[in-house]
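The block underneath contains the structure these notes are about, expressed in structure tokens.
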Amino acid sequence: MQVIEVESAKTGDSVQAVYEHPWAVRFSHWLNTVALFVLVGSGLQIFRAFPSFGAKIPQRDLLHWPKAFAIGGWLGGALQWHLTFMWIYIVTGMFYLGYQIFSGNYRQVLFVPSDVRGVWPMARHYFFFGPKPPAIQTYNPLQKLAYTSAIGLGVLTVATGLAVWKPIQFSWLAGMMGG
Numbered sequence: 122m123q124v125i126e127v128e129s130a131k132t133g134d135s136v137q138a139v140y141e142h143p144w145a146v147r148f149s150h151w152l153n154t155v156a157l158f159v160l161v162g163s164g165l166q167i168f169r170a171f172p173s174f175g176a177k178i179p180q181r182d183l184l185h186w187p188k189a190f191a192i193g194g195w196l197g198g199a200l201q202w203h204l205t206f207m208w209i210y211i212v213t214g215m216f217y218l219g220y221q222i223f224s225g226n227y228r229q230v231l232f233v234p235s236d237v238r239g240v241w242p243m244a245r246h247y248f249f250f251g252p253k254p255p256a257i258q259t260y261n262p263l264q265k266l267a268y269t270s271a272i273g274l275g276v277l278t279v280a281t282g283l284a285v286w287k288p289i290q291f292s293w294l295a296g297m298m299g300g
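What follows is the structure, encoded as structure tokens:
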């Protein structure tokens with residue numbers, strides 16, 4: 122946790138701002154937010170522009186999204202955006218994992234088997250307004266489950282993307298994914 126003194130915009134007084142997460146975590150979070158936004162937009166444009174999907178997957182039967190949400194303008198442009206931000210997403214994820222490992226911060230956020238018993242009491246507190254369990258660690262078991270799941274889902278996202286992008290080169294991966 123980092124505490125800094127900042128000037129209040131309303132009163133001009135000095136107030137304390139508390140950063141609960143290290144700068145590396147905040148940086149990688151926001152960079153991945155931008156990358157995922159662009160990846161979704163360019164992915165929608167790739168889907169919209171790819172000629173092979175025409176008769177097989179009629180777009181009128183799918184959720185219709187405005188063209189403004191699609192990034193790239195055409196198939197080639199969307200692929201360029203997608204492949205560029207794919208690398209940003211991968212490098213940022215590797216930076217985040219490297220930071221967690223080398224700083225030792227992973228010990229606070231990694232979901233371990235001993236956290237399983239604390240998930241339901243925390244879920245009951247958050248979703249059903251039950252009593253708040255006592256805070257034992259920096260992050261509660263539900264937060265740890267969310268952080269660990271996000272890392273696993275990020276790896277799965279990259280794996281499925283590679284399997285779709287290069288199905289011949291990654292045939293073993295495409296086979297694992299069912300295709």
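With the working numbering applied, the sequence shown covers 122 to 300.
Heads up, the beta-carbon is just placed ideally off N, CA and C, and yes, glycines get one too.
- Put simply, the region 234-241 does not touch the region 185-199. Fewer than three CB pairs are less than 8 Å apart.
- In this structure the region 200-215 touches the region 149-161; the number of beta carbon pairs closer than 8 Å is three or more.
- Closest by C-alpha distance to M215, out of H150, E128 and H142, is H150.
- Between the beta-carbon of V136 and that of V127 there is about 6 Å, and that keeps the pair under the 8 Å contact cut.
- Annotated three-state conformation of S135 is strand, per DSSP.
- Excluding residues up to 5 positions away in sequence, V230, L231 and F232 lie with their Cβ nearer than 8 Å to the Cβ of T269 in the same chain.
- Counted as a single uninterrupted DSSP element, the alpha helix (DSSP H) harbouring I272 occupies residues P262 to W286.
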